[in-house]
Amino acid sequence: MSPPLLAVEHVAVHIGGLVAIADMSFEVPAGRIVSLIGPNGAGKTTAFNVITGYMPPTKGRVLFEGQPLSGLPPERIAARGVVRSFQRTSIFGACTVFENALMALHLRGRAGVFGALLRLPSARREEERLRAEAVALLELVGLADRAGTVASVLAYGEQRRLGIALAVAARPRLLLLDEPAAGLNPSETAECTALIRRLRDERNITVLLVEHDMAMVMRISDTVVVLNQGRIIAAGPPDAVRDDPEVIRAYLGAVPEADGVLHAPA
Amino acid sequence: MRYFLPWAFLALLAAVPILLPDPYTLSVLASAGIFIIGAISLNLLLGYTGQLSLGHAAFFGLGAYASALTTLGFDIGIGFGQRITLAPQPVWFGFLAGIVVPALFGWLLGRLAFRVRGAYFVIITICFAQVLRLLTLNWVELTQGPMALSGIPALSLWWPGLDAPIALFRKDQIYWLVLAVAAVAFLLVRQVVRSRIGRALVALRENETLARSVGIRVTHYLVIATVISAGIAGAAGSLFAHSVRIVDPDVFLFIYTVTMVIMVVTGGKGTLWGPVVGGLLFGPLPDLLRGSAPPEAQWIAYGVAMILIVMFLPRGIVPAVASLWPRRAAAKPAAVAVEAEG
Chain A
1 MSPPLLAVEH VAVHIGGLVA IADMSFEVPA GRIVSLIGPN GAGKTTAFNV
51 ITGYMPPTKG RVLFEGQPLS GLPPERIAAR GVVRSFQRTS IFGACTVFEN
101 ALMALHLRGR AGVFGALLRL PSARREEERL RAEAVALLEL VGLADRAGTV
151 ASVLAYGEQR RLGIALAVAA RPRLLLLDEP AAGLNPSETA ECTALIRRLR
201 DERNITVLLV EHDMAMVMRI SDTVVVLNQG RIIAAGPPDA VRDDPEVIRA
251 YLGAVPEADG VLHAPA
Chain B
267 MRYFLPWAFL ALLAAVPILL PDPYTLSVLA SAGIFIIGAI SLNLLLGYTG
317 QLSLGHAAFF GLGAYASALT TLGFDIGIGF GQRITLAPQP VWFGFLAGIV
367 VPALFGWLLG RLAFRVRGAY FVIITICFAQ VLRLLTLNWV ELTQGPMALS
417 GIPALSLWWP GLDAPIALFR KDQIYWLVLA VAAVAFLLVR QVVRSRIGRA
467 LVALRENETL ARSVGIRVTH YLVIATVISA GIAGAAGSLF AHSVRIVDPD
517 VFLFIYTVTM VIMVVTGGKG TLWGPVVGGL LFGPLPDLLR GSAPPEAQWI
567 AYGVAMILIV MFLPRGIVPA VASLWPRRAA AKPAAVAVEA EG
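This is the structure:
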């Protein structure tokens, strides 16, 4: 059996005296959409930071296609094929939408100093190809007609979509999305869900998702991993996780008894 | 129109020695041009990567000394009875050394200094320039210290069919030489900025966290920018050495860096034309004021002008002027519509 695309093995993160993640292990099989959920402060974003190299784990390791990622800086991890989006909207605000796309396509080009200085034919051809890719990328997220707009003046929902486009640009094999639906209205959330499905189905991108919108998580995920206070308390298909008493206790602070009524813990 | 204007501007500048053959004016413009080249190189760092190098005169001075020492030759002891000797080399070899040596130091400084960015980078670059100034002041055997390196030969031109190379002594020749190097420097920076490398630099300036997440290597690209910037600043220093024909440790003075920073900031950092416009304003200013005001008053005038421009045009002159165009274009159809209604 081939190894999972991503394997997080006994990762612990201590920030000062705070235990952000106590001991976390889970896997993301290729071609799946896996969601990481949990109450605020459960360690979800910390997990993203560790996987993508923004924060070193105190213990444990992260394997991508069987190779360790721990210790590599974010830009090297991106080059391996693991790219993330950010919880707070993260775009190049002063640049146009089209320039944003071109910047994010960095890894799709390889022109170096001499190619650029001398405008070599190879560099020109690459530039044309990147421009075509940028157009395709903006079409994918429905921002092609906004190409000339300065990114900071886009509507909130559009900025969120641009953020996803920037993460997708490098053609990652594993895409980590940090609350892509945060602040979106129901119809925008539905669009976002459809976009994530299309990324998986059409671009063959495996997705690891952090999201608070439970309806979206339950609809889209193959597997749900539940974190609480730095520990994994449940993992499995959405239906199984939804009914897990530990999960319900973490979210609601109470367990449904046999009669199906919630009782406050004694 | 947009493609035509820069060439018309270049032609106009090239025609200045014919229209205005006054040697004093030409020498003022040539020395302004040398600092504009420095400002163009500084703009690549300050404007496009957002890193403030307050030791940019270090690269300028390194270029001047490397070029002068290569053309004059030297013979120095390095301890243990060993000596390093260099026979005088052709001037263009010196010019090349004036580019390569600062570029190497730019690489070294970039590797070291970009581990710490922001304020620490500013401090490290200031120190770098001060150390070089002290070194050139005190290493008398190599640099003549405060007595200065003098008798530096002028740059020369030669092409097939010419008996002997033409030394570029005359003010108009120096002016054209500076203009040619400035045009090349402008084009180089333009090529870099409009390439994948330039986009990576702007991405790092705008949002480093996001830039890294899409795979842009921070140190790699900042070092590339520093090397190119240092090389161009070195070329300016070399032009300085071969046109003034004397180099002393004052080339490392902080005020030269400040002059370049003022040119970039007032013209508009992060715009291609910013350092050119800022340089044409501030470059000739000290000489224009020389007759009417003491040097101290000149620097005060510099400071006041800088403060006024930053207050009223915080992004610089070029972005302010550029922002007038679309507004005018947008206003036109409206005016036409009003007329049609009337």
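Going line by line, the protein sequences match chains A and B. Numbered according to the working numbering, the first sequence spans residues 1 to 266. Numbered according to the working numbering, the second sequence spans residues 267 to 608. Just so it is clear, CB atoms sit at the ideal spot from N, CA and C, and this is done for glycine as well. Nothing here was measured: the structure is a model prediction, and the numbers come from that model.
* Asked: What is the residue span of the alpha helix (DSSP H) that Leu195/A lies within?
  -> 186-203
* Below-8 Å beta-carbon distance, Thr52/A vs any chain B residue -> yes
* Output the distance between the C-alpha atoms of Tyr269/B and Ile205/A, rounded to the nearest integer angstrom. => 43 Å
* Asked: Between Gly163/A and the rest of its own chain, which residues show a CB-CB distance below 7 Å, the 5 nearest in sequence each way excluded?
  -> Ser85, Phe86, Thr89, Ser90, Ile91
* Residues bridged to Lys59/A (per DSSP) -> Ala12/A
* Using a Cβ-Cβ cut-off of 7 Å (strictly less than) and excluding sequence neighbours within five positions of Asp178/A, which residues of its own chain qualify? -> Thr45, Phe48, Arg84, Ser85, Phe86, Gln87, Val210
* Gln457/B versus chain A: which residues are under 9 Å apart at the beta carbon? -> Ala116, Leu117, Leu118, Arg119
* Reducing DSSP to helix, strand and coil, say where Glu27/A ends up. => strand
* Asked: For Ser528/B, which residues from the same chain have a beta carbon less than 8 Å from its beta carbon, with the 5 sequence-adjacent residues on both sides left out?
  -> It is Ile, not Ser, that sits at residue 528/B in the sequence shown. Excluding sequence neighbours, Ile528/B sits near Gly544, Phe548, Tyr568, Met572.
* Would you kindly work out how many angstroms separate the C-alpha atoms of Pro180/A and Leu195/A, rounded to a whole number? => 11 Å
* **Touch test, the segment 234-246 of chain A against the segment 59-66 of chain A, Cβ-Cβ under 8 Å, three pairs minimum** => no
* Do Leu421/B and Leu443/B come within 8 Å of each other at the CB atom, strictly closer than that value? -> yes
* Is the CB-CB distance between Ala170/A and Arg129/A below 8 Å? -> no
* Mind listing, in chain order, the continuous alpha helix (DSSP H) runs of no fewer than 4 residues lying wholly within the segment 510-559 of chain B? => 520-533, 540-548, 551-556
* With which residues is Ser297/B paired in a DSSP beta bridge? -> DSSP, once it has assigned bridges, lists no residue as partnering Ser297/B.
* Asked: Can you give the Cα-Cα distance for Ile432/B and Met413/B, rounded to whole angstroms?
  -> 29 Å
* Asked: Considering only C-alpha positions, which residue in the set Glu202/A, His10/A, Tyr251/A, Leu6/A is nearest to Ile77/A?
  -> Leu6/A
* To do: Give the residues of chain B in contact with Ser90/A, contact being defined as C-beta atoms less than 9 Å apart.
  => Asn473, Thr475, Leu476, Ser479
* Of the residues Pro419/B, Leu278/B, Glu562/B, the one placed nearest Phe361/B, counting alpha carbons only -> Pro419/B
* Using a Cβ-Cβ cut-off of 8 Å, state whether Ile463/B counts as contacting chain A. => yes
* Asked: Going by Cα to Cα distance, which pick from Pro515/B, Pro541/B, Asp438/B is closest to Tyr290/B?
  -> Asp438/B
* To do: Can you say whether Tyr522/B is buried or exposed, counting buried as having 16 or more other CB atoms within 10 angstroms of its CB?
  => buried
* Would you call Gly253/A buried or exposed, if buried means 16 or more other Cβ atoms sit within 10 Å of its Cβ? -> exposed
* Asked: Between Leu454/B and chain A, is there a C-beta pair that is closer than 8 Å?
  -> yes
* To do: Tell me whether Thr223/A is buried or exposed, calling it buried when 16 or more other Cβ atoms sit within 10 Å of its Cβ.
  => buried
* If you measure from the beta carbon of Ala94/A to each beta carbon in chain C, is any gap under 8 Å? -> The displayed structure is made up of protein chains A and B, and chain C is not among them.
* **Counted within 10 angstroms of its Cβ, other Cβ atoms place Asn185/A as buried (16 or more) or exposed** => exposed
* List the residues of chain B whose Cβ lies closer than 8 Å to the Cβ of Gly109/A, in chain order. => Arg462
* Using 10 angstroms around the beta-carbon of Asn228/A, count the other beta-carbons present and answer buried if the total reaches 16, otherwise exposed. => buried
* With distances taken from CA atoms, which of Val447/B, Thr315/B, Ala296/B, Leu279/B is nearest Leu365/B? -> Correcting the residue identity first, residue 365/B is Ile in this sequence and not Leu. With distances taken between Cα atoms, Ile365/B lies closest to Val447/B.
* **C-alpha distance - Arg511/B paired with Gly384/B, whole-angstrom precision** => 36 Å
* Asked: Terminal residues of the continuous alpha helix (DSSP H) containing Ala240/A?
  -> 238-242
* **Rounded separation between Tyr293/B and Leu554/B - CA only** => One detail in the question is off: residue 293/B reads as Ser in this sequence, not Tyr. Each residue's alpha carbon lies about 12 Å from the other.
* To do: Using the Cα positions of Ala395/B and Thr485/B, report the straight-line distance between them to the nearest angstrom.
  => 21 Å
* Asked: CB-CB under 8 Å to Ala280/B, same chain, minus the five flanking residues each way: which ones, in chain order?
  -> Trp442, Leu445
* Taking only beta-carbon atoms, is Pro180/A less than 8 Å away from chain B? -> no
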